[in-house]
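To keep things clear, I will list the structure first and then write my remarks on it.
In our numbering, the protein residues as written are 121 to 574.
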C-alpha cells in the first residue's frame, strides 16, 4: 500500500531491511512474488511454529544473516578501485565501514563529505603541464607524453589544467614562479606563454592573480602571452580590464602564433639593445616592425608515436625544397626496413616544404621503438645534410662513401635511361660508348651531377 501511494508522488520504494534483502537474494528470489511468499511463511511461523523456535540460539539467526550478506560485499570492485584510483578505494572503504557501524544514512553522509574534500583538494592544485614542440611541426605537446620534443630557447610554454578561482589561483602563480626560477640556469626565460584551453572560467580573485602574475614577470623582464583563451574567460578578462593591462597583441589563437610573436619580439629587442643610444625615444617609433619579421623554418626531423594510434609519424621540414629528396627518404625507410602507410607533402612559404610520413616496422608490424627512431633520425639527418650540400654546389666526394656513390650513380642511370627511352628517336646509341656504364654515359652523368669520381 505504501509503494502504491508513494508512486503517485515519485517516492523511493519501500523495502525490507538490508539483512532480509540479503537473505531473500541468497535464496534465489527474482520477483516481488518472493515478498508475498515470505509474508505468508512468516505469518504461519508466528501463528503455529513459534514454540519450535523458542529455544533456538540467537547466533543461529546472526549466522544466517552473515552468510547471506557476505556475497553482497563486492570485494572484486574494491580491488578494481585500488588498481584504478586509490582515492575511490578510500571512499569505498569509508562508505562500507560507515554504513556498517554508523548506519546507512550517516555512513553515506561521511563518504559524501570525504568525496567533497577530495574534489576541493584536487581543484585547489590544478595540473600545470610543460609543453614543448615536436621538431618539424607546429604541434606543442606535454613533455611527459612526447619523448622526442624540443624546447624553444628563452620561451617557456605552460598549460593551466583547470579553471581558476579563489582557491587555486595563488597555487598557479607560485608554481609558475617556481618553474621559471628552476629553469634560470638551463633555459633563461624571457617569454612565458600560457595555454588556456582547459580554463573554462575565472573569478574576480583569479583576475587579480593574473594581473599580479603579469606584473611580477614584467618586473623580471619576462613578457607573458596568452594562447587559446575561451570566450567566457576572455569576456571576464575584458570586463576586468585585464586585456587592456596585458595588451591585445599578447593574446593569440594558437600556441604556435604566440611563440612566433615572442621570437619576433625577441629579435626586435636584440636589435634595440644593439643600437643603444641611436634608438629613437621609447614609445615614439620602433626600429623594426614586428609583424614584418619573418620567422623562418629550419631543416628539422621530428617523430611522434602518440599522434597516431597505429603508426609512427615522421615529420621532415625543409627550409628549401630539394629535388628528388623523396626518393632519398624512401631509400632510407627501405634501408631501415620500414613500410610507408601514408605520405603527405605540403608547401611552406615560398620555397620550403613539409613532409609527413606514417610508417611501421616491417619486422614487427608495429610502431618504431626508441632505438629504431634514433637510427632513423641519424640516417635522415645525413640525407638532408648531403642533399642540401649538393643543392648548394658543395663538393661531397670526400665525405660520401664509395658504396653510396655507386648506388647514387646506378639510380641516376636508371632514371636518365628511362627518360631517354621515353623520348628516344628510334636510334639506339652504341652499347660500348653510350650504353649503361659506358664511358660516354658515365661522363655525361658525372658532368650532370657534379660528381668527381675516382
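Glycine included, each C-beta is placed from N, C-alpha and C at the ideal position.
Model, not experiment: these values are computed from the prediction.
Item: Between the Cα of residue 374 and the Cα atoms of 261, 474, 289, which residue gives the shortest distance?; Value: 261
Item: If you draw a straight line from the C-alpha of residue 331 to the C-alpha of residue 265, how long is it?; Value: 31 Å
Item: Taking residue 486 as the reference, give the member of 132, 255, 505, 431 with the closest Cα.; Value: 431
Item: Who are the Cβ neighbours of residue 281 in its own chain at under 8 Å, not counting the five residues just before and after it?; Value: 246, 247, 248, 249, 318
Item: From residue 462 to residue 452, what does the alpha carbon distance come to, in whole angstroms?; Value: 16 Å
Item: Between residue 497 and residue 380, what straight-line distance do the alpha-carbon atoms span, to the nearest angstrom?; Value: 26 Å
Item: If you follow the beta strand (DSSP E) that residue 318 is part of, which residue opens it and which one closes it?; Value: Careful: residue 318 lies outside any beta strand (DSSP E) and carries neither H nor E.
Item: Out of 291, 219, 345, 506, which has the shortest C-alpha to C-alpha gap to residue 312?; Value: 345
Item: Any chance the segment 353 to 368 sits against the segment 293 to 313, with 3 or more Cβ pairs inside 8 Å?; Value: no
Item: Tell whether a beta-carbon distance below 8 Å holds between residue 285 and residue 326.; Value: yes
Item: Going by the CB atoms, is the gap between residue 434 and residue 501 shorter than 8 Å?; Value: no
Item: Can you give me the start and stop residues for the beta strand (DSSP E) that residue 467 sits inside?; Value: 458 to 468
Item: Taking the alpha carbon of residue 201 as the reference point, which residue from 191, 146, 213 has its own alpha carbon closest?; Value: 213
Item: Going straight from the alpha carbon of residue 219 to that of residue 130, what length do you get?; Value: 25 Å
Item: To which residues of the same chain is residue 333 closer than 7 Å at the C-beta, ignoring the five residues directly before and after it?; Value: 293, 296, 344
Item: In terms of DSSP beta bridges, what is residue 249 paired with?; Value: 279
Item: Give the DSSP bridge partners of residue 260, in chain order.; Value: 253
Item: Scan the segment 133 to 210 and note each continuous alpha helix (DSSP H) run of 4 residues or more that stays entirely inside, going in chain order.; Value: 138 to 146, 153 to 164, 170 to 173, 178 to 189, 195 to 204
Item: Nearest to residue 428 by alpha carbon, out of 365, 378, 488, 484?; Value: 488
Item: Return the Cβ separation of residue 268 and residue 424 in integer angstroms, given the expectation that the two are a contact with Cβ distance under 8 Å.; Value: 7 Å
Item: Shortest alpha-carbon distance to residue 446 belongs to which of 476, 277, 157, 173?; Value: 476
Item: Can you tell me whether residue 269 is helix, strand or coil according to DSSP?; Value: coil
Item: Under DSSP, the alpha helix (DSSP H) around residue 234 begins and ends at which residues?; Value: 224 to 244
Item: Under three-state DSSP, which class holds residue 130?; Value: coil
Item: Tell me the residue span of the alpha helix (DSSP H) that contains residue 455.; Value: 445 to 455
Item: Which residues in the same chain as residue 356 place their Cβ atom closer than 6 Å to its Cβ, once the five residues preceding and following it in sequence are excluded?; Value: 322
Item: Start and end of the beta strand (DSSP E) containing residue 420?; Value: 420 to 424
Item: Kindly indicate which three-state DSSP category residue 348 falls into: helix, strand or coil?; Value: coil
Item: Can you tell which of 279, 255, 283 has its C-alpha closest to the C-alpha of residue 271?; Value: 255
Item: State the Cα-Cα distance for the pair residue 154 and residue 173, rounded to the nearest angstrom.; Value: 22 Å
Item: What do you reckon, are the CB atoms on residue 448 and residue 503 nearer than 8 Å?; Value: yes
Item: Determine the direct distance from the alpha carbon of residue 307 to that of residue 274, and round the result to whole angstroms.; Value: 6 Å
Item: For residue 127, count neighbouring C-beta atoms within 10 Å of its own C-beta (all shown protein chains included) and say buried if the count is 16 or more, exposed if not.; Value: exposed
Item: Hey, how far is the Cα of residue 439 from the Cα of residue 468?; Value: 8 Å
Item: The beta strand (DSSP E) with residue 379 in it runs from where to where?; Value: Counting along the chain, residue 379 falls outside any beta strand (DSSP E), though it belongs to the alpha helix (DSSP H) covering 375 to 395.
Item: Give the DSSP bridge partners of residue 478, in chain order.; Value: 433, 462
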